[in-house]
Amino acid sequence: MPRFWLVSTVLGAVAALATAGSVLFQGAEWEWRSSFLVGGEFLYLRLDGVSALFLALLAVLGGAGAVYASEYWPDKAHPRSATAGRAWWNVMLASLAFVLVTSNGLHFLLAWEAFTFAGYFLITLDRHRREVRAAGWLYLAASHAGTVCLFAFFAAVASHNGSWELGPMREHTDLAPFFWLALFGFGLKSGMFPLHIWLPSAHASAPSHVSALFSGVTIKIGIYGLVRFTGWMPVPDIAGWVIAALGVASAVLGVAFALGQHDLKRLLAYHSVENIGIILIGLGFAVVATATDGGDWGRLALAGGLLHIWNHGLFKALLFLGAGSVLHATGTREMSRLGGLWRAMPWTASLFALGAAAISGLPPLNGFVSEWLVYLGLFDGAIARGPIAWPLVLAAILLGVTGALALACFIKVCGVVFLGAPRSRAVTHAHESGLAMRAPMLVLAAGCVAIGLAPVVFWPAVATAVGAWRPGWADAATIVPDSLFALSWAHGVLAAVGLAAATWLWQRTRRGLQRAVTWDCGYEMPSATMQYTAGSFAGIITGWFAWILRPQRHAHCPVDVFPAAAHFEEHTPETVLEHVVEPAGAAVMRLATLVRRLQHGRLNAYLLYLIVGVAALAAVVLLEDRP
Amino acid sequence: MGLNLLALASSRLPSLIGAVSVQGIALGVMPLLIEHELRWLVLLVAVATVGLKGFVIPTLLRRAMRTANIDREVEPSIGFVPSLLLGAGGTIAAVALARALPLLPEHTGSLLVPGALASVLTGFVLLIGRSKAISQVCGYLILENGIYLFGLLLIHSTPLLVEAGILLDLTVGVFVIGIIVDRIQRAFDSLDTRKLTVLRE
């Protein structure tokens, strides 16, 4: 049965990928209306460039995750949850795909709820652990807060249009204010900065293949909503600036929070916030461009943002699957207990390092390509326009800062987890994962390399999506930017040089390697605990951001000449959750408890409420009658 | 209306029930006094009302009181003097309110409307201010009497079936309450409805 599930899921993913590819590369649009009613509405499915872009990503990650799960979450190790995991995985994929293709507000909401629930059950597969249940609950509560806004949004649009069906409606300028509802609802799902509260714990507690799907696709569905409805609907004038500002905040603060984490998967989750920020910067400035001059630069920024959706999906899924392999082999996500895994898990370590290089935006990989396009858009815009040039330059600088911090963060991760000496016994028994876990990682890594080396090949797909977003840009978008050709060549040369250097090093190593003790600063008997830890490595940078990270330190330093027992512990909480949402929630709870005293079960008092209410109503009526 | 105040002031259950039954009989006779020509329909309603409100329901209540075997104090949570003041205030308010209401010209002068409102208010005061189940039933009955009195304004347009249905509902309601009173007594060893709060949620 698991085998049948695996084969059919992978086949379905391949079919979806082929469909999406035909739309993206051949420009064919696909539309279908049913003759029967579902929930009182006719089905109206439509696959255009924007939908196909996300559908392709969903297909790749859905298939890869299914293969990975067959070894990572097998029936033998998880007899109670493996079957449920497979079922919910498919519910998740199907409802996500339906969200992407449906053009009916009501069906959109139905599918939206379906994948929210599927996501909840996938996150809580391992639900006998308390933290997993808490994470699932937080996810569900946050998702519903967002869904409420989407209900309001779709209902408002439907009542304005007189129909639940969706489509381009840019001429209805009175719909513009509803954009803010959409921004909250979709933004919450996408995990942009102040609304990301549910994301770190959910991503960290879910099984790794689920984290990969969540981070790779599910949060992108929030982005899909924003891309879709900024394209179809009129937006308020400052919408583009707001999106871009949220994007910058998400990018910089996301990576800052990531630096403060010591839990491998939690760290990766914060990097999702960062990358969502980069995507939003691209989208936000594209909206700004359409609102101001409809310029060429907005097209480049949007293309960069859309390509980054693919790229982030690929390398973040790769990283989560790599983290899953580490977790599978060692049983811990705590970086202070890992170390030296390079020798035991060469495949995982190299693939993780590749993903890390890609997410840090290093050439010649895919992260660099999309960030390059965003930079290009920002700089073109800055050159072309006087008054809005300064914010664009500022955004470009902050984007650069983000890239640098991300690089620092992933040097920390790779250094602490894979290099050095093992920090605990868990690591010494680590083993490389099997083929079913390595193969999906290889496929994703190949995707990263392919987009990095041949961005020109993938440009038409992005151009189709750009054309679907703004038909006015469709013709201009088909022209490949010159710099992309240059970039392809440069990446090719760089990759060749890198490969040659690696081969040379490999040859040298094979001839024999001298192993010696690391210089131990004059200490006798160095031990593994003397290595840099994750916290100490990132200490300086987290110090810069202490105003928002608010790290909690518990230090017990040795004071005497002779070393005594010492203790140091640092923990970076989820600041927005603990300092904003929880106090607000507690205030609401207190208020609700006060109101609850009214319901005490005494019949007499209930009757008193009744008569007071009737008397008040009578007073209102009588006073109104009297002029 | 004096009966309302009597009901508010009475400290023992039998006298409370007595007040209710006398009020019921007075109500039953009322249509006969209002109508100028005697019709069989009005007569039927009057007889049924007197029978049920004046005799059947009080009997049911007395029996419930006996079987529950409770002491006959009323146990007010609003004292007798405040209840009386409230009742008097309610009556004055009812008269004032009746002036303010947009009534048909032929009803403006009659005392029916203020009387009905005063009875409803008294019923509420009893319901709110008494804690024993049986005294609350009496409050409910007085409240219902007020509504009935109001309904007399419409006796020409209300079909017999509706009147009969209301009476039947009332009787069945009291009957059921009589049974429940017994059950409450057995379960809680008291008829104090305040003790029912343990049942919430």
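Listed in order, the protein sequences are those of chains P and R. Every position in the first sequence, counted from 1, becomes a number in my numbering once 202 is added. Every position in the second sequence, counted from 1, becomes a number in my numbering once 251 is added. Backbone N, C-alpha and C fix where the C-beta goes; we use that ideal spot for every residue, glycine too.
Legend entry - Assigned exposure category for residue 395/P - 16 Cβ within 10 Å defines buried: buried
Legend entry - residue 370/R beta carbon less than 8 angstroms from that of residue 396/R: yes
Inset, instruction - Leaving out five residues on either side along the sequence, give the residues of the same chain with a beta carbon under 7 angstroms from the beta carbon of residue 385/R. - result: 264, 312, 315, 316, 432 and 442
Inset, instruction - Measuring only between beta-carbons, confirm whether residue 379/R sits less than 8 angstroms from chain P. - result: yes
Inset, instruction - Could you tell me whether the Cβ atoms of residue 456/P and residue 424/P are closer together than 8 angstroms? - result: no
Inset, instruction - Would you give the residue range spanned by the beta strand (DSSP E) that residue 232/P belongs to? - result: 232–240
Legend entry - Inter-residue CB distance, residue 489/P and residue 540/P (contact presumed, cutoff 8 angstroms): Not confirmed; about 42 angstroms, so no contact.
Legend entry - Whole runs of the beta strand (DSSP E) within the stretch 303–368 of chain P, excluding any shorter than 3 residues: none
Legend entry - Supposed contact pair residue 298/P and residue 317/P - C-beta distance, whole angstroms, cut 8 angstroms: 5 angstroms
Legend entry - Where residue 382/R meets chain P, residues with beta-carbon distance less than 8 angstroms: 806
Legend entry - Cβ contact (3+ pairs, closer than 8 angstroms) linking the stretch 631–643 of chain P and the stretch 755–765 of chain P: no
Legend entry - Reduced DSSP category for residue 420/R - H, G, I as helix; E, B as strand; rest coil: helix
Legend entry - Proximal chain P residues relative to residue 328/R, where beta-carbon distance stays under 9 angstroms: 806
Inset, instruction - Report the three-state DSSP secondary structure of residue 381/R (helix, strand or coil). - result: strand
Legend entry - Residue range of the beta strand (DSSP E) that includes residue 248/P: 243–249
Legend entry - residue 755/P, enclosing beta strand (DSSP E) - first and last residue: 754–758
Inset, instruction - Please list the partners that residue 375/R has in chain P, where partner means a Cβ-to-Cβ separation under 7 angstroms. - result: 809 and 813
Inset, instruction - Can you give me the Cβ contacts of residue 198/P inside the same chain, cut-off strictly under 6 angstroms, excluding the 5 residues immediately before and after it? - result: Because chain P is modelled from 203 through 829, residue 198/P falls outside the range shown and cannot be assessed.
Inset, instruction - Following the continuous alpha helix (DSSP H) through residue 771/P, name the residue where it begins and the one where it ends. - result: First-last for residue 771/P: 769–773, but that is the beta strand (DSSP E), not the alpha helix (DSSP H).
Inset, instruction - For the stretch 546–556 of chain P and the stretch 472–481 of chain P, state whether three or more C-beta atom pairs, one from each stretch, are separated by less than 8 angstroms. - result: no
Inset, instruction - Please name the residue, chosen from 594/P, 565/P, 557/P and 733/P, that lies closest to residue 624/P on a Cα-to-Cα basis. - result: 733/P
Inset, instruction - State yes or no: is the beta carbon of residue 315/R nearer than 8 angstroms to at least one beta carbon in chain P? - result: no
Inset, instruction - Note down, in chain order, every chain R residue with its Cβ under 8 angstroms from the Cβ of residue 520/P. - result: None at all; the shortest Cβ gap to chain R is about 51 angstroms.
Inset, instruction - Kindly list, in the order they appear in chain R, the residues whose Cβ is closer than 7 angstroms to that of residue 824/P. - result: 351
Legend entry - residue 300/P and residue 414/P closer than 8 angstroms at C-beta: no
Inset, instruction - Might you give, ordered along the chain, the residues of its own chain that have their beta carbon closer than 7 angstroms to the beta carbon of residue 272/P, omitting 5 neighbours on each side? - result: 204, 208 and 638
Inset, instruction - Check residue 465/P in the structure and name its three-state DSSP category. - result: strand
Inset, instruction - Check whether the stretch 461–470 of chain P touches the stretch 427–441 of chain P, taking contact to mean three or more Cβ pairs, one atom from each stretch, closer than 8 angstroms. - result: no
Inset, instruction - May I ask you to list the residues that DSSP assigns as paired with residue 838/P? - result: Only positions 203 to 829 of chain P appear in this structure, which leaves residue 838/P out of reach.
Inset, instruction - Identify the continuous alpha helix (DSSP H) that holds residue 534/P and give its terminal residues. - result: From DSSP, residue 534/P is part of no alpha helix (DSSP H); its letter is neither H nor E.
Inset, instruction - Indicate whether the contact test is met: 3 or more Cβ pairs, each with one atom in the stretch 250–266 of chain P and one in the stretch 663–683 of chain P, closer than 8 angstroms. - result: yes
Inset, instruction - Could you check the C-alpha separation between residue 436/P and residue 795/P for me, to the nearest Å? - result: 43 angstroms
Inset, instruction - Counting only the same chain and skipping the five closest in sequence on each side, list residues whose C-beta sits under 6 angstroms from that of residue 398/P. - result: 475
Inset, instruction - Could you round the C-beta distance between residue 583/P and residue 675/P to whole angstroms and report it? I think they count as a contact, below 8 angstroms. - result: 15 angstroms between Cβ atoms; not a contact.
Inset, instruction - Specify the secondary structure class of residue 290/R as computed by DSSP and reduced to three states. - result: coil
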